[in-house]
Amino acid sequence: MGRPKIHLTPEERTLAARRYRAKYYEKNRSMINKKLAMKRQNAITDKLESLSPKKEVALIGQPRQSISGILSRCAGRPRNRDELSKPEACKPKFRSECQLKDALKVIVGGSLRERMKALYKRFLSSGNYSEIYNTLSAVEPIEKEIRSLAFAEGDGMDLESLLFKTIRTVVKVLEDLLLNAMEGTDVSQLERYNRTSLLFVFEESVTSVSIPSCV
């Protein structure tokens, strides 16, 4: 075994890191693709279940209660009437749609299209996908809350709402960008042939989308 090669220049280190990421993705390609496929399949299954009629099953000796009622309960029962009057005594399970809009706007800014273009250009110039990964990691918890709100029983979020469509598109494009980077795609070729990483930019239905703040 020889001594490990020492990369002296920033270009050599960048190239070595890119090759390492490409080897890692090649080695774990099936696992990564399987997780992404399972994630999308679960979303489809959840949507189908939400559209199908549900039968409530009551336990013996227990009154019937909807899932939405269970989710809206407090984690614990206040011990007395004074505690019940405290704001922190009972908190909602999920943030409201307005709060989720504001949280998403903090991450992506006022224009989703411009944010995606900026991420893409910085990736092309540096070949470093850490900012894409960090953005996706920040958006995923918001996506989870939006899906929970959309698929909740009762007065949930409309599946055709702009926010629901927007979060799905943002996550899909970020995942596509990240996979291209992890595959070790030549950024010059990516820029030249305009692969599907720019789906968000060229999708006419959302090119002018912006997330309004709640008043």
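Numbering that gives the first Met the number 0 applies: residue 0 is where the sequence shown begins, and numbers increase by one. Beta carbons are placed, not taken as given, at the ideal position from N, Cα and C, and that holds for glycine.
Inter-residue Cα distance where the pair is residue i and residue j
i, j, result
"R12", "C97", "44 Å"
"K171", "I106", "16 Å"
"K22", "S136", "22 Å"
"V169", "V138", "8 Å"
"F120", "G108", "For clarity, residue 120 is Lys in the given sequence; the question names Phe instead. Using only the alpha carbons, I get a separation of about 16 Å."
"P9", "K33", "34 Å"
"L140", "A102", "Correcting the residue type first, residue 140 is Pro in the shown sequence and not Leu. Straight-line Cα distance between these residues: approximately 10 Å."
Short Cβ contact (8 Å threshold) for residue i with residue j
i, j, result
"T165", "L118", "no"
"R94", "E144", "yes"
"L178", "I131", "no"
"M181", "R20", "yes"
"R146", "D45", "yes"
"G126", "R28", "no"
Local Cβ density within 10 Å of residue i, reported as buried at 16 or more and exposed below that
i, result
"L37", "Just to set this straight, residue 37 is Met in the shown sequence, not Leu. By the neighbour-count rule (16 or more Cβ atoms within 10 Å), M37 is not buried but exposed."
"E142", "buried"
"K100", "buried"
"A15", "exposed"
"L123", "exposed"
"M30", "exposed"
key: Runs of alpha helix (DSSP H) lying entirely within the segment 85 to 146, each at least 4 residues, in chain order   = 96 to 107 and 111 to 125
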